[in-house]
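In full-length UniProt numbering, the protein residues as written are 1 to 485.
Each residue gets a CB set at the ideal place from its N, CA and C atoms; glycine is no exception.
All figures in this text were calculated on a predicted structure; none of them were measured in a lab.
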């Protein structure tokens, strides 16, 4: 992974919904049983609470299982032609906040946790763009200032671009439910500071390919000429917090809208909402005429990760196991009523799409590999099971972990199970994903409370009758999941 910031694209509040059936096995109040060593694994997810045993049906926005960002274009323009949406930074320098000082008010309707996340985002931007104790941008509580930033609890995520002397004095950034995550807030605040999306730059076609036939909203993929754009002399940044991801604003989420040029693709992620990159910081410093210093900007997640695999370079030391050794009734029996067998030569494999009955491509950047399981044509009507397990992991000092992954499930009679196991943890299910009827990648996050310095493994089990199961962008974080995928 190196020092690359890992990108998360966000697609939020799209009207079309999908249905996901989650079958909880041996899960009580959405928590796992206490084992003999007192290890308690309490599971939570954006998908809500579960009781045991139960089948839970939930509706989610198309494109994401986790509500995040952008229900429409997330920029609001004023009609000023020199203030076009199609540049990376405003050319009209009157759109800069005077002195880099941004008075703000936060809607009192936000819950305490959301307010804390917003304040954390503002503080991180301030710290990132400062140089040797000299502040470049300052967010201050509004007192009597006529012009100020108003962070409003509304619907979706969208913001004005840059400073403006509006009639009511407020420059509005709307952060609706699900949009108040720190990285999404930072993305929107950079709009407020005067920045547009990275893929609007004049030089973007040197770095990414755009599938224009699959764009639901073309506006934020357009380019303007050199008389309208100001890249501030900073090279194109595929890792930027202002870059869209591969599937952002797709008409059909089975196909990517944007992907990096092949020479930039291996290991590259698009659309992160985790942190500012060094180039993001440099652009802010240049726009506001501040001392330039990015040496303090961290661009990796090594201190927050226990494991990461995007399958770009193989299976990351996962090992195949025999699921029949420990298979429970949910794995051995499908809705056909037949016993499931480990089919000959059936294994999880790394694929580069498109594949029959599976994804067109991986989720990371739209032309990347993914982990795939499907029955062979000669396996007949037998229900087959295949299992793959992570290397031995350790909770380290964190204790709690959060598992994040992208899932693609094709076919109503195949399903996928996620298990945790270890020397002190009896093998037990965290999730069983069944009856997912959609065409595209789905994100899930599973939070598990464990004691510090505990050894564990995560197991993926595919139960296949018809259809296939695919996985991409698998992360195990310390404590909380981050918006990396």
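At the level of alpha carbons, what is the spacing between residue 246 and residue 272? Answer to the nearest angstrom: the Cα atoms are 11 Å apart.
Give the DSSP-derived three-state secondary structure of residue 468 in the structure shown. Strand.
Drop a sphere of 10 angstroms on the beta-carbon of residue 296, count the other beta-carbons inside from all chains shown, and report buried for 16 or more, exposed for fewer. With fewer than 16 other Cβ atoms within 10 Å, it is exposed.
Could you say which of 301, 268 and 196 lies nearest to residue 274 if we only look at CA atoms? Ranking the options by Cα distance to residue 274, first place goes to 301.
Tell me whether residue 396 is buried or exposed, calling it buried when 16 or more other Cβ atoms sit within 10 Å of its Cβ. Exposed, since its Cβ has fewer than 16 Cβ neighbours within 10 Å.
Would a C-beta distance cut-off of 9 Å place residue 242 and residue 195 closer than the cut-off? Pairing residue 242 with residue 195 gives a Cβ-Cβ distance under 9 Å.
Would you give the residue range spanned by the beta strand (DSSP E) that residue 350 belongs to? Residues 349 to 351.
Taking contact to mean 3 or more Cβ pairs, one atom from each stretch, closer than 8 Å, check whether the stretch 456 to 465 and the stretch 382 to 390 are in contact. Contact holds: three or more Cβ-Cβ distances are below 8 Å.
Residue 305, DSSP secondary structure in three states: Reduced to three states, the DSSP call for residue 305 is strand.
Run through the stretch 150 to 228 for me and flag every whole beta strand (DSSP E) of 3 or more residues, listed as ranges in chain order. Within the stretch 150 to 228, complete beta strand (DSSP E) segments of at least 3 residues are found at 157 to 160, 170 to 175 and 208 to 210, given in chain order.
With distance defined between alpha-carbon atoms, name the residue in 214, 110 and 371 nearest to residue 181. Proximity to residue 181 across 214, 110 and 371 peaks at 110, based on C-alpha coordinates.
Note down the Cα distance separating residue 129 from residue 183, rounded to an integer number of angstroms. The alpha-carbon separation between residue 129 and residue 183 amounts to approximately 16 Å.
Span separating the alpha-carbon of residue 311 from that of residue 369: For residue 311 and residue 369, the distance between alpha carbons rounds to 6 Å.
Measuring CA to CA, which of 106, 276 and 458 is closest to residue 421? Answer by Cα proximity: 458.
Enumerate, from N- to C-terminal direction, the unbroken beta strand (DSSP E) stretches of 3 or more residues contained entirely within the stretch 353 to 407. Correct list: 370 to 374 and 383 to 389.
According to DSSP, simplified to helix, strand and coil, what is residue 63? Note on residue 63: pLDDT 30, under 50, position unreliable in the model; the coordinate value appears next. For residue 63, the secondary structure class from DSSP, reduced to helix, strand or coil, is coil.
For the alpha helix (DSSP H) containing residue 284, list its first residue and its last residue. Residue range 278 to 287 is occupied by the alpha helix (DSSP H) that includes residue 284.
Beta-carbon proximity of residue 239 to residue 269, cut-off 9 Å: It is a contact, given that the beta carbons lie within the stated cut-off.
From what residue to what residue does the alpha helix (DSSP H) around residue 118 run? For residue 118, the uninterrupted alpha helix (DSSP H) segment begins and ends at 112 to 129.
So within the stretch 234 to 281, which uninterrupted beta strand (DSSP E) runs reach at least 3 residues, ignoring any that extend past its ends? As summarised for the stretch 234 to 281, the continuous beta strand (DSSP E) elements at least 3 residues long and confined to that stretch are 258 to 260, given in chain order.
How big is the Cα-Cα spacing for residue 468 and residue 443? Going by the C-alpha atoms only, they are around 17 Å apart.
So the beta strand (DSSP E) residue 147 belongs to, where does it begin and stop? Taken as a continuous stretch (DSSP letters only), residue 147 belongs to no beta strand (DSSP E), as it is neither H nor E.
Use the C-beta contact count for residue 281: other C-beta atoms within 10 angstroms, 16 or more gives buried, fewer gives exposed. Flag for residue 281 reads buried.
Can you tell me whether residue 319 is helix, strand or coil according to DSSP? Strand.
So, using beta-carbon positions, are residue 137 and residue 161 closer together than 9 Å? No.
Considering Cα atoms alone, identify which of 159, 248, 384 and 452 is closest to residue 399. Considering only alpha carbons, the answer is 452.
Span of the beta strand (DSSP E) around residue 418: Per DSSP, residue 418 belongs to the beta strand (DSSP E) from 415 to 422.
Looking at the structure shown, is residue 291 part of a helix, part of a strand, or coil, going by DSSP? It is coil, neither helix nor strand.
Please report the Cβ distance between residue 308 and residue 475, rounded to the nearest whole angstrom; I am assuming they are in contact, meaning their Cβ atoms lie under 8 Å. Yes, residue 308 and residue 475 are in contact; Cβ-Cβ is about 5 Å, under 8 Å.
Do residue 101 and residue 155 have their C-beta atoms within less than 9 Å of each other? Going by C-beta atoms, residue 101 is not nearer than 9 Å to residue 155.
For residue 231, list the residues DSSP reports as bridge partners. Paired residues: none, contrary to the question.
Please indicate yes or no: does the CB of residue 446 lie closer than 8 Å to some heavy atom of the ligand PLP? In the structure shown, the ligand PLP is absent, as is every other ligand, since no ligand is present at all.
Buried or exposed (CB count within 10 angstroms, at least 16 for buried), residue 70: In this prediction, residue 70 has a pLDDT of 43, which is less than 50 and means its spatial position is unreliable; what the coordinates show is noted afterwards. For residue 70, the number of other beta carbons within 10 angstroms of its own is at least 16, and it is reported as buried.
Hey, how far is the Cα of residue 428 from the Cα of residue 454? Spanning the two alpha carbons is a distance of roughly 16 Å.
Separation of residue 172 from residue 495, as counted between CA atoms: Residue 495 is absent from the model: the chain starts at 1 and stops at 485.
Which one of 176, 187 and 142 has the shortest CA to CA distance from residue 169? When each option's Cα is compared against that of residue 169, the closest is 142.
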